[in-house]
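Asker: Structure incoming, see below.
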Amino acid sequence: MAGIGSLLHRSCRLLMAGLLAGCATSPTGRQQFMLVTPDAAVEIAEAAYMDTMQQLARHGKLMNDPRLAERMARITGRLAAVAVEEYPHTARWEWSVALVDDATVLNAWAMAGGRMAIFRGLIEKLRLSDDEIAHIMGHEIAHTVANHHAERMSMALAQNLAVSVVRQNTEENSQAAPIAHTVATVALTLPNSRSGEEEADNLGMRMATRAGYDPRAAVTLWQKMAQHGGSRPPEFLSTHPDPASRIAALSALVDDVQHLRPVVPPPPRGVRIYAER
Ligand SMILES: [Zn+2]
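Printed below as a string of structure tokens:
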């Protein structure tokens, strides 16, 4: 991954020179502050994702569940088909889902470039239907097509790594690849901005509905999420605050998107499933 190292090293130097800061516009017209370009975010995320997959495999944390693998491939494949139709550049992405074998974790996440993960706990503890899974993965895919990861990497770079970047640029032996990994993983743990979340909810609901899933399931998904746990809410909520207001917002959207639901769902696009074989 020498390419990523030199890419980020170059980005860091440009960042220091103040040349790379810029704005982009999201699919819903929101202004985005970008230090990391969307293409760079995809490249950085690839290395971080593959590293994460190796660690999960090494620790026996990938599920051995062919039926779930087939189910996730079908649901995510239909969503990916819709995403590629709306955002043709995403046809180049290696759409992927890791099935993480941890029944105690209620979470799902995505990195830039359509690389995702879902945890056993989320599916089993909330007894998610196909439609509800489609809405959670649709929400994650919405984050990826709207370049929220590049945005969050930009924040991570600007807020948390300035000191490391300065130090790295003064050292002869570049530590750019570990920094790239840190940027990708820090970006994953940053809370999503409220406007970014509204955008992901909105786009995700539309994509899931266009993929043939019931839009009302977006509401029941968040109701289940909000009701679960008591003292220990789902991990997903730690980066997704305020379920009550989003339930209200999603309920209000249901009627607007119903007409997008096709009679016949689109054929699933190929999605790589990371699971124990
Ligand atoms: Zn989100």
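Okay, so the sequence shown: first residue is 20 according to our numbering, each after it adds one. The C-beta atom is built at its ideal place from N, Cα and C for all residues, glycine as well.
1. Can you give me the start and stop residues for the alpha helix (DSSP H) that residue 87 sits inside?
2. Which two residues bound the contiguous alpha helix (DSSP H) that contains residue 73?
3. Can you determine whether any heavy atom of ligand 1 sits closer than 7 angstroms to the C-beta of residue 236, and answer yes or no?
4. Taking 8 angstroms as the threshold (C-beta atoms), are residue 53 and residue 98 in contact?
5. Under a Cβ-count criterion, where at least 16 other Cβ atoms within 10 Å of its own Cβ denotes burial, should residue 191 be classed as buried or exposed?
6. To the nearest whole angstrom, what separates the beta carbons of residue 122 and residue 143, a pair I think is in contact under 8 angstroms?
7. Is residue 158 near ligand 1, judged by its Cβ being under 7 angstroms from some heavy atom?
8. Tell me whether residue 111 sits in a helix, a strand or coil according to DSSP, three-state version.
9. Whose CA, out of 290, 295, 227, lies closest to the CA of residue 93?
10. Going by CA-CA distance only, name the one from 86, 228, 242, 262 that's closest to residue 275.
11. Under the criterion of a Cβ to heavy atom distance below 7 angstroms, does residue 278 qualify as lining ligand 1?
12. Starting from the C-beta of residue 60, find all residues in its chain whose C-beta is less than 6 angstroms away, skip the five residues before and the five after it, and write them out in chain order.
13. Where does residue 127 sit, in a helix, a strand or coil, going by DSSP?
14. Which residues in the same chain have their Cβ closer than 6 angstroms to the Cβ of residue 219, if we skip the five residues on either side of it in sequence?
15. Run the proximity test for residue 219: is its beta-carbon closer than 7 angstroms to any non-hydrogen atom belonging to ligand 1?
16. Going by the beta-carbon positions, is the gap between residue 115 and residue 91 smaller than 8 angstroms?
17. When DSSP labels each residue in this structure, what does residue 258 get in the three-state scheme?
18. So what's residue 33 in DSSP terms, helix, strand or just coil?
19. Taking 8 angstroms as the threshold (C-beta atoms), are residue 118 and residue 88 in contact?
20. Going by Cα to Cα distance, which pick from 165, 82, 212, 78 is closest to residue 109?
21. Would you please state the rounded distance, in angstroms, between the beta carbons of residue 129 and residue 255? I believe it to be under 8 angstroms.
22. Starting from the Cα of residue 259, find the closest Cα among 147, 216, 174 and give me that residue.
23. Determine the contact status of residue 245 and residue 285, defining contact as a CB-CB distance below 8 angstroms.
24. So the alpha helix (DSSP H) residue 246 belongs to, where does it begin and stop?
25. For residue 118, which of helix, strand or coil comes out of DSSP?
26. In terms of residue numbering, what span does the alpha helix (DSSP H) encompassing residue 161 cover?
27. Measuring straight from C-alpha to C-alpha, what distance separates residue 38 and residue 177?
28. Using a 10 Å radius around the Cβ and a threshold of 16 neighbouring Cβ atoms, would you call residue 233 buried or exposed?
Answerer: Here's the rundown:
1. Under the DSSP assignment, residue 87 falls in the alpha helix (DSSP H) whose first and last residues are 85–105.
2. 57–77
3. Ligand 1 has no heavy atom closer than 7 angstroms to the beta-carbon of residue 236.
4. In this structure, the beta-carbon distance from residue 98 to residue 53 does not fall below 8 angstroms.
5. In this prediction, residue 191 scores a pLDDT of 47, lower than 50, which makes its location untrustworthy; the coordinate-derived value is nonetheless stated afterwards. It is exposed - the Cβ of residue 191 has fewer than 16 other Cβ atoms within 10 Å.
6. 6 angstroms
7. yes
8. helix
9. 290
10. Of the listed residues, the one whose Cα sits closest to residue 275 is 228.
11. Judged by the Cβ position, residue 278 fails to qualify as a neighbour of ligand 1 at the 7 angstroms threshold, every heavy atom of the ligand being at least this far.
12. 131, 168, 169, 172
13. strand
14. 158, 161, 162
15. yes
16. Their beta carbons are not under 8 angstroms apart, which means residue 115 does not touch residue 91 by this criterion.
17. coil
18. With a pLDDT of 49 at residue 33, under the threshold of 50, the predicted position of this residue should be treated as unreliable, and no value is reported.
19. Closer than 8 angstroms, so yes.
20. Nearest C-alpha to residue 109: 165.
21. Contact flag wrong, Cβ pair sits at about 12 angstroms.
22. 216
23. no
24. 235–246
25. strand
26. 149–164
27. Low confidence applies here, because residue 38 scores a pLDDT of 41, under 50, leaving its location unreliable; read the following figure in that light. Computed Cα separation, rounded: 13 angstroms.
28. buried
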